[in-house]
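Presented below is the structure to which this report refers.
Number of protein chains: 4
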Amino acid sequence: MELKNYIGGVWRHSAATEFATVSDPATGEVLAKTPLSPPSEVDMAATIAAEAFVDWRRTPPVKRIQPLFKLKALMEDHFDGMAEMIVLENGKTIGEARGEIRRAIENVEVACGIPLMMQGAVSEDIARGIDEFMIRQPVGVVAIVAPFNFPGMIPFWFLPYAVATGNTVIMKPSERTPLTMQMGIELMEAAGFPRGVVNMVHGGAETVNAILDHPTIKAVSFVGSTAVAKHIYARAAANGKRVQAQGGAKNPLLIMPDADVEMTTKIVTDSVFGNSGQRCLAASNIILVGAAKEIFTPLLQKTAVSRVLGHGLDDGVEMGPVISGQSKERISGLIEMGVREGAELLVDGRSFTPPSALKEGHFLAPTILDNVAIDGELSRTEIFGPVMSLMHAADLDEAIAWINSGQYGNMASLFTTSGGVARRFRYEAQAGNIGINIGVAAPMAFFPFSGWKDSFFGTLHAQSGHGVEFYTQTKIVVERWLKEWSRQF
Amino acid sequence: MELKNYIGGVWRHSAATEFATVSDPATGEVLAKTPLSPPSEVDMAATIAAEAFVDWRRTPPVKRIQPLFKLKALMEDHFDGMAEMIVLENGKTIGEARGEIRRAIENVEVACGIPLMMQGAVSEDIARGIDEFMIRQPVGVVAIVAPFNFPGMIPFWFLPYAVATGNTVIMKPSERTPLTMQMGIELMEAAGFPRGVVNMVHGGAETVNAILDHPTIKAVSFVGSTAVAKHIYARAAANGKRVQAQGGAKNPLLIMPDADVEMTTKIVTDSVFGNSGQRCLAASNIILVGAAKEIFTPLLQKTAVSRVLGHGLDDGVEMGPVISGQSKERISGLIEMGVREGAELLVDGRSFTPPSALKEGHFLAPTILDNVAIDGELSRTEIFGPVMSLMHAADLDEAIAWINSGQYGNMASLFTTSGGVARRFRYEAQAGNIGINIGVAAPMAFFPFSGWKDSFFGTLHAQSGHGVEFYTQTKIVVERWLKEWSRQF
Amino acid sequence: MELKNYIGGVWRHSAATEFATVSDPATGEVLAKTPLSPPSEVDMAATIAAEAFVDWRRTPPVKRIQPLFKLKALMEDHFDGMAEMIVLENGKTIGEARGEIRRAIENVEVACGIPLMMQGAVSEDIARGIDEFMIRQPVGVVAIVAPFNFPGMIPFWFLPYAVATGNTVIMKPSERTPLTMQMGIELMEAAGFPRGVVNMVHGGAETVNAILDHPTIKAVSFVGSTAVAKHIYARAAANGKRVQAQGGAKNPLLIMPDADVEMTTKIVTDSVFGNSGQRCLAASNIILVGAAKEIFTPLLQKTAVSRVLGHGLDDGVEMGPVISGQSKERISGLIEMGVREGAELLVDGRSFTPPSALKEGHFLAPTILDNVAIDGELSRTEIFGPVMSLMHAADLDEAIAWINSGQYGNMASLFTTSGGVARRFRYEAQAGNIGINIGVAAPMAFFPFSGWKDSFFGTLHAQSGHGVEFYTQTKIVVERWLKEWSRQF
Amino acid sequence: MELKNYIGGVWRHSAATEFATVSDPATGEVLAKTPLSPPSEVDMAATIAAEAFVDWRRTPPVKRIQPLFKLKALMEDHFDGMAEMIVLENGKTIGEARGEIRRAIENVEVACGIPLMMQGAVSEDIARGIDEFMIRQPVGVVAIVAPFNFPGMIPFWFLPYAVATGNTVIMKPSERTPLTMQMGIELMEAAGFPRGVVNMVHGGAETVNAILDHPTIKAVSFVGSTAVAKHIYARAAANGKRVQAQGGAKNPLLIMPDADVEMTTKIVTDSVFGNSGQRCLAASNIILVGAAKEIFTPLLQKTAVSRVLGHGLDDGVEMGPVISGQSKERISGLIEMGVREGAELLVDGRSFTPPSALKEGHFLAPTILDNVAIDGELSRTEIFGPVMSLMHAADLDEAIAWINSGQYGNMASLFTTSGGVARRFRYEAQAGNIGINIGVAAPMAFFPFSGWKDSFFGTLHAQSGHGVEFYTQTKIVVERWLKEWSRQF
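From first to last, the protein sequence lines are chains A, B, C and D.
Following our numbering, the numbering of the first sequence begins with 40 at its first residue and continues without gaps.
Following our numbering, the numbering of the second sequence begins with 40 at its first residue and continues without gaps.
Following our numbering, the numbering of the third sequence begins with 40 at its first residue and continues without gaps.
Following our numbering, the numbering of the fourth sequence begins with 40 at its first residue and continues without gaps.
Structural data, given as structure tokens:
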């Protein structure tokens with residue numbers, strides 16, 4: 040099945056000559072072919088989106104949110120269908136996929152509040168008889184470039200805010216997992232967005248560069264690896280665009296000796312191995328402070344080995360495959376590197392053999408490396424796979440110093456029952472999303488998703504008020520109306 | 040048909056011994072009997088609402104808004120049905136009723152944004168190591184007392200915010216127009232609000248006093264006449280409650296000589312005669328400045344007489360009856376008073392004879408009194424009927440002085456093409472809702488409905504952020520966690 | 040020395056025939072006579088304030104804050120002088136007085152931000168071509184009625200916001216401690232507030248009632264006892280005014296067994312005995328949970344007896360007298376009542392004998408009653424003196440139930456090192472100001488001072504955004520300017 | 040006089056080998072030599088600023104604003120001195136310089152409100168028992184690069200917010216006008232900022248590039264030409280920094296036939312010729328609509344020729360020189376180009392001869408070119424000098440189309456008395472700062488300075504809330520504290 044682009048309300052065959060293959064990571068079954076659309080199709084989408092902008096921008100916000108309310112209802116209606124599609128193209132479990140769609144819907148919900156969120160400010164009498172106010176007007180045509188790991192959620196970190204504020208959008212989903220957003224676009228169409236307001240162009244690197252260079256596109260939102268995020272930020276900025284580019288991570292998670300044993304073990308394991316480790320908020324470096332080492336090491340080990348792998352749609356399955364064979368190989372190589380750097384292989388997931396129906400699946404079971412060196416390469420490299428690195432710190436000071444020495448700043452989590460440890464941690468840990476007894480500190484849709492350091496490039500983050508600010512331009516109006524003029528009557 | 044109370048998710052027969060009659064104002068047909076519930080039923084509702092509060096308050100805001108999203112969808116689905124019910128029990132036209140329901144829905148839409156609207160504030164380091172934050176927690180059981188003129192809209196100025204913020208509610212609709220809210224409650228039930236969260240108790244003055252005196256009820260929202268609003272404010276305050284009580288109005292509307300002729304004539308007439316004049320934002324005193332007198336007097340006269348009266352559900356009908364025979368009599372008496380005070384009767388709507396099918400209807404056609412004296416009694420008395428008082432001011436200064444001499448401050452409207460006149464008007468006119476080339480300056484749901492002077496008693500108004508502030512208590516938390524405590528590990 | 044009223048920028052002799060005596064509570068030395076001004080002087084102040092309002096309201100906010108910036112600088116310059124005056128008329132220690140002035144200044148600092156805080160909101164295109172905005176305009180003449188216990192701070196919870204938002208003010212300080220505000224007014228005069236913007240009328244109950252009844256006064260802010268606060272709320276509301284009335288308290292403070300021993304002992308003692316217990320945020324009922332009883336009872340006892348009493352201006356003094364002989368008697372009576380109710384007198388401060396120079400002072404040393412019954416009368420009566428009631432709860436559930444059974448809701452404090460206990464406490468404790476390891480949870484000036492239950496009557500609290508909302512009326516403007524009108528050119 | 044850098048609280052001799060000359064543009068008198076500091080000195084400043092950040096960041100906001108309050112007072116005290124210094128090094132008139140300092144102070148005033156502006160948000164119960172909040176933490180070391188035309192104001196668009204939010208700063212003033220900020224830094228030193236919090240490094244292009252490349256510097260704020268702004272944005276973004284870069288402008292100003300004649304003539308002339316045209320909000324293309332041509336052309340001509348040139352410190356002088364001989368030459372060339380493109384030279388300011396004392400001054404009198412072609416090069420080129428281009432549009436449609444065809448979007452102004460024209464203009468004109476009967480629509484300090492299109496690169500603008508957002512990183516904290524943990528007691 041060759042996918043089509045959606046431009047100006049029409050599903051259009053791409054003139055692409057190259058394609059990416061979409062396959063079920065658990066079975067290897069080919070699901071679709073994604074066209075790597077040429078720049079000319081980006082140009083067509085930009086032109087049509089710019090035309091649609093003229094009227095969409097003049098549509099009152101209270102009208103613009105009506106399709107969003109319908110979209111919310113439609114996504115609830117197609118909740119299971121969307122979740123299943125995520126499982127098929129991404130490999131995660133149905134439970135994980137459901138959580139993902141819930142998060143997507145929450146962003147639609149928040150964007151339904153645009154009439155209030157978009158309000159500007161007024162000051163009467165900045166001087167006698169002179170008033171000043173600030174309104175927000177949309178930016179124009181904006182683009183969203185999304186990754187493979189949350190095909191149903193990440194587009195919605197941006198899309199609802201972009202359209203609700205009056206922009207028209209070009210969406211480029213991951214070429215490896217484009218099917219969920221195909222459903223998403225179909226639902227948006229059914230929800231009643233006018234033609235040209237939401238467009239989707241499939242593609243790869245060349246397509247992205249065409250977006251970055253296109254003069255009609257005023258803003259770019261991106262989530263992906265740090266290397267690409269840097270490229271996006273630099274190139275889009277050189278072209279004068281607004282940019283928000285979210286990169287990779289290497290999230291530390293710190294366990295204190297006073298942490299709740301049962302809860303911590305469960306949550307930590309879920310954080311590391313959930314979504315097969317393929318999320319930018321997965322915990323990776325587990326730092327055990329002092330006596331926590333003895334308490335938690337065996338428990339984590341035990342919980343890891345008990346994790347049930349399989350096809351994400353099957354009952355009882357707790358973990359699916361990684362996205363591709365290439366990815367599996369890369370992760371295996373990193374495990375090897377960890378061992379070479381002196382780490383001890385407590386649990387080796389590489390030997391996992393799936394049942395025959397899944398023999399083409401890219402499975403890798405939970406893996407635990409102990410005594411990973413804080414100054415080694417593994418401790419600094421994003422694995423994006425189900426690998427837990429255990430590290431042992433003497434005390435909180437050392438643990439926080441380790442955290443803050445890292446290149447990334449997406450998340451830092453802490454497990455403790457102590458209010459004092461928690462306060463110090465959240466005050467000092469250099470990461471934008473902090474979890475206290477939380478394994479995956481994903482901000483709710485009404486908070487900005489706040490990566491720091493090399494996990495984010497730009498100024499304004501995804502979601503909520505940051506989204507509104509990013510997708511609108513402030514316009515200041517200073518008005519003088521002489522009182523004398525009212526005297527003519 | 041005897042109406043039932045809705046308490047704790049159950050429709051309950053009232054032990055009332057007195058009843059109000061609900062009838063179609065256009066035909067006199069009896070539609071229902073409203074029980075004037077005794078205090079014991081208020082007490083039952085308060086007790087059950089307080090029990091429901093325990094869990095509802097602990098339900099996360101993101102969950103509490105789910106029934107609101109459903110309610111929005113259900114109200115869209117039952118849009119026509121609700122509008123028709125309004126026509127039947129209130130008498131207004133179907134177009135007016137539709138506009139009313141649209142406004143009701145808009146408030147539901149805004150309240151869907153509660154997770155964001157309800158956010159509190161945090162300050163890190165108010166002193167070294169000490170943080171402070173403010174959260175909002177619901178007030179408890181709150182009551183809403185609504186009037187007859189907007190049976191489908193005014194309850195929604197309050198209800199969505201009250202429940203979304205975590206309160207449980209006792210609703211008392213007008214005993215004359217309770218049927219629309221009966222539908223409203225049925226839709227809320229279908230939307231999934233838990234039992235006891237929304238309750239409805241029918242009744243009259245005694246029922247209201249029971250609400251004002253009940254210690255479990257923490258806040259009262261009211262819309263009605265100024266006399267009753269004053270009573271509500273005084274009595275509820277004496278009982279220590281939060282109160283917001285919206286009263287009557289006598290809205291001035293000012294036409295400048297430079298006003299757009301066609302648009303102004305149409306809008307002004309609609310403002311005065313729409314809803315048969317029975318709205319708190321109806322223009323009543325039309326002040327013609329200078330040369331506007333000659334331009335607009337004949338046009339207003341002509342437009343008034345052409346207005347088509349009839350049953351609100353019939354095609355082409357532009358105006359329905361007033362609510363009751365008693366009301367019709369009162370209005371006729373006020374017209375008489377105007378004439379006695381020296382006004383000239385340009386158009387006399389009292390002589391209108393309805394078709395025989397509507398001969399029991401309380402019809403009164405558009406009436407225009409010219410040269411109404413600014414210092415007479417008519418110019419200061421709320422008519423709440425389709426009567427336009429024309430007044431002639433020499434200039435803008437005089438007109439604004441007239442406006443500001445009034446007792447009420449619900450609305451003041453201006454018609455002009457001049458930016459300078461508009462600025463001066465909005466700066467100086469003492470009313471909380473200002474229209475510039477707008478006949479009925481009803482604030483959108485994301486703004487507070489801002490009556491001033493004797494049009495409002497309390498501090499925080501209906502709708503939006505004011506609603507959230509009114510229905511929540513701020514709770515300040517100051518926290519100290521010594522850094523030393525984190526050193527034990 | 041007979042004090043004068045300050046009306047319209049002039050210090051005016053009052054025609055009062057009755058006077059209150061201002062004396063140093065530590066020595067009995069008479070400092071001044073406060074006139075109990077008759078209603079006619081309230082009327083004069085209201086009239087002059089209304090005249091001043093005309094221009095002050097039209098003075099741009101950026102200009103209105105200039106005297107506030109000067110006032111901040113002047114208060115820093117006269118910091119010690121003001122603090123000493125507080126000591127003289129109130130009796131507290133110089134350290135406590137300094138803290139008080141610091142808080143007063145912080146409110147001036149926050150009110151310097153009025154241009155931003157007072158901004159309204161704008162929505163472009165609520166419908167095609169129609170815009171809506173909300174501005175804030177001042178209320179008019181407002182009154183502040185202040186208590187004796189923080190003569191230099193409480194007026195500033197209101198004053199800076201009231202004037203910065205464009206209102207003119209009538210201030211009535213406590214007739215027992217009017218001297219600090221006399222200095223305050225002198226500084227405001229020096230700071231450049233125009234005549235009539237700030238006025239001060241001395242007086243007692245009759246003066247207050249004149250304020251509550253005066254039609255020109257639109258809003259009343261009060262801090263005092265609950266009985267008077269209720270009166271203020273009821274009477275001002277019956278007169279249609281905005282009201283915020285802060286009442287008394289009976290603050291519980293809960294100590295968990297895991298609390299930091301040294302810090303807790305010190306802070307708890309300071310909370311109970313600081314300002315000789317005469318503050319609405321003083322802890323009164325100290326609830327020791329479980330094993331905390333054994334740990335803390337002897338330490339609290341020891342710390343209490345070591346407290347050094349004397350004249351607040353003398354070095355090393357940690358506690359001053361209570362405000363009056365009458366007050367001392369009342370407190371002694373309450374101690375007696377506690378004993379009658381079965382409490383054990385661990386420390387009896389009634390026997391304290393001051394040095395001869397202070398023999399006329401109203402001294403009462405720290406007193407501790409143990410095993411005070413939660414259902415007795417003492418545990419529910421505000422003492423407003425240096426008396427600590429110890430109570431012993433089996434567990435957190437019981438302790439929180441005790442707290443929530445109380446009539447008041449000004450403050451509830453908790454001492455623990457556990458994050459879990461803290462979260463539960465702040466979620467469940469029914470009080471508006473929560474302290475976690477904080478003895479006196481006074482909100483910073485940029486948060487509302489959030490009393491609950493019988494500690495507060497009204498809706499909007501003192502300080503910050505609540506002050507701005509309380510002292511301004513929202514005005515909504517809906518504007519339509521037809522595009523066609525721009526075509527004439 | 041060779042200027043020194045100010046690093047770590049010490050005035051340090053620069054090792055620069057190249058220098059820029061600072062001279063009085065009106066007399067040519069050399070005032071100082073500005074070192075073009077080498078990268079090593081940027082590095083030293085960055086290192087010291089990073090050290091100072093450690094403690095400054097931990098200083099509570101209420102403490103951090105204390106030096107700002109002192110700075111406000113000091114700037115008022117040295118108001119005239121600072122204004123005179125601006126005149127000397129920049130050439131503008133003393134009146135213009137005073138206005139500039141007033142604007143600088145206003146930004147200090149707004150930044151005094153940081154404790155409130157910096158507050159984060161809290162949501163209780165994002166799920167049962169889980170809370171989430173957002174705090175703002177400073178970015179670290181930030182840099183400001185300022186232009187010559189407002190040496191005393193533009194640094195304060197950034198500085199007060201940067202330090203108040205807890206960052207430490209490296210300031211690079213224009214090498215042509217560094218003296219005013221030298222005074223500014225001296226005042227900041229006197230105001231009590233700790234060493235290393237504010238630093239100043241003089242320099243040129245190489246110095247700026249060192250700033251853009253330095254890894255310790257996390258954010259860059261710039262105002263200057265569009266060419267340099269683009270460079271700043273691209274290079275700083277390529278280095279992963281936050282950037283806000285304000286560029287040039289070519290501001291259209293539209294006069295309708297109904298505009299107030301006297302006021303418009305005066306304000307328009309002031310906008311074009313004020314500061315000798317050297318401001319980014321100077322009107323440049325004056326578009327006369329329809330009959331406005333006949334009314335205003337002669338009046339503008341007359342007003343232009345009457346403008347009194349001279350030394351900015353001399354009484355009665357209305358206009359000073361341009362910044363340099365080079366600049367004068369460039370402007371003269373542009374006038375020539377305009378003539379070549381077909382414009383008519385109504386007033387030629389190039390022939391102006393200053394009095395002998397100013398014969399070395401770079402004077403150029405007001406110049407008016409009529410019938411400048413909208414599609415010519417002059418109409419698109421920023422002149423940055425006292426040159427008015429008159430253009431004649433048939434109607435409003437044409438005029439707005441002309442405006443929106445431009446490359447820049449700093450300001451668009453309109454003169455009219457019609458509310459309808461104003462609304463349409465502010466809705467449609469593509470510029471971020473709109474003036475209605477305002478010649479220089481500079482936003483007050485409590486609004487963002489909102490350039491659009493090629494007048495701005497980045498997302499968040501200077502001043503107020505945008506400044507706070509730009510200079511802080513959001514940090515999200517998600518907290519779970521199990522209720523069970525509180526059961527242990």
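Note that beta-carbon positions come from the ideal geometry of N, C-alpha and C, so glycine has one too.
| Residue burial classification, residue 341 (chain A) (beta-carbon count within 10 angstroms, cutoff 16) | For this step, residue 341 (chain A) is matched to residue 302 along the first sequence. Exposed.
| field | CA nearest to the CA of residue 241 (chain D), picked from D:260, D:209, D:365 | value | One-based indexing of the fourth sequence puts residue 241 (chain D) at position 202. Considering only alpha carbons, the answer is D:209.
| Enclosing alpha helix (DSSP H) for residue 162 (chain B) [first to last residue] | Stepping through the second sequence from its first residue, residue 162 (chain B) is reached at position 123. No alpha helix (DSSP H) holds residue 162 (chain B); the beta strand (DSSP E) holding it covers 159-166.
| Euclidean distance between Cα positions of residue 152 (chain D) and residue 142 (chain D) | The sequence position of residue 152 (chain D) within the fourth sequence is 113, counting from 1. The sequence position of residue 142 (chain D) within the fourth sequence is 103, counting from 1. Spanning the two alpha carbons is a distance of roughly 16 Å.
| Considering only the beta carbon of each residue, do residue 188 (chain C) and residue 317 (chain C) sit closer than 8 Å? | Numbered from 1 along the third sequence, position 149 holds the residue referred to as residue 188 (chain C). Numbered from 1 along the third sequence, position 278 holds the residue referred to as residue 317 (chain C). Their beta carbons are under 8 Å apart, which means residue 188 (chain C) touches residue 317 (chain C) by this criterion.
| query | Is residue 103 (chain C) close to chain D, meaning its C-beta is less than 8 Å from at least one C-beta of that chain? | reply | What you label residue 103 (chain C) is simply residue 64 of the third sequence in a count that begins at 1. Taking Cβ atoms only, chain D never reaches closer than 8 Å to residue 103 (chain C), which makes this a no.
| message | When you compare the CB of residue 519 (chain B) with every CB in chain D, is at least one pair closer than 8 Å? | response | Position 480 of the second sequence holds residue 519 (chain B). No - not a single Cβ of chain D is within 8 Å of the one on residue 519 (chain B).
| message | Does the structure place the region 450-470 of chain A close enough to the region 511-524 of chain B that three or more beta carbon pairs sit under 8 Å? | response | By the Cβ rule, the region 511-524 of chain B counts as touching the region 450-470 of chain A, because three or more pairs are nearer than 8 Å.
| task | Kindly indicate which residue of B:120, B:264, B:273, B:250 has the alpha-carbon position closest to the one of residue 219 (chain B). | result | Taking the first residue of the second sequence as position 1, residue 219 (chain B) is located at position 180. Selected option, being the one with the closest Cα: B:120.
| said: Suppose the cutoff is 8 Å on Cβ atoms and the five residues either side in sequence are ignored; what does the same chain contact list for residue 373 (chain D) look like? | reply: Residue 373 (chain D) sits at position 334 when you count from the first residue of the fourth sequence. Sequence-distant partners of residue 373 (chain D) (beyond 5 residues in either direction) whose C-beta falls short of 8 Å from its own C-beta, in its chain, are 417, 420, 422, 424, 426.
| From which residue to which residue does the beta strand (DSSP E) around residue 497 (chain A) run? | In the first sequence, counting from the first residue as 1, residue 497 (chain A) sits at position 458. Counting along the chain, the unbroken beta strand (DSSP E) around residue 497 (chain A) starts and ends at 495-497.
| Residues within the region 151-165 of chain D neighbouring chain B, beta-carbon criterion of under 9 Å | Flagged, chain order: 154, 155, 157, 158, 159, 160, 161, 162, 163, 164, 165.
| Residue closest to residue 415 (chain C), alpha-carbon to alpha-carbon, out of C:381, C:253, C:470, C:281 | Taking the third sequence and counting its residues from 1, one reaches residue 415 (chain C) at position 376. Residue 415 (chain C) has its Cα closest to that of C:381, out of C:381, C:253, C:470, C:281.
| request: Select from the region 361-387 of chain A all residues with a C-beta closer than 8 Å to any C-beta belonging to chain B, and list them in chain order. | output: Hits within the stretch: zero.
| residue 400 (chain D) versus residue 180 (chain A): straight-line alpha-carbon distance, rounded | Here residue 400 (chain D) corresponds to residue number 361 of the fourth sequence, with the count starting at 1. Here residue 180 (chain A) corresponds to residue number 141 of the first sequence, with the count starting at 1. Roughly 48 Å separates the two Cα atoms.
| message | According to DSSP, simplified to helix, strand and coil, what is residue 323 (chain C)? | response | Here the question's residue 323 (chain C) lines up with position 284 in the third sequence. In the three-state DSSP reduction, residue 323 (chain C) falls in the strand class (E or B).
| message | If distances are taken between C-alpha atoms only, which option among A:410, A:355, A:330, A:323 comes closest to residue 370 (chain A)? | response | Sequence index remark: in the first sequence, residue 370 (chain A) carries index 331 (1-based). Residue 370 (chain A) has its Cα closest to that of A:323, out of A:410, A:355, A:330, A:323.
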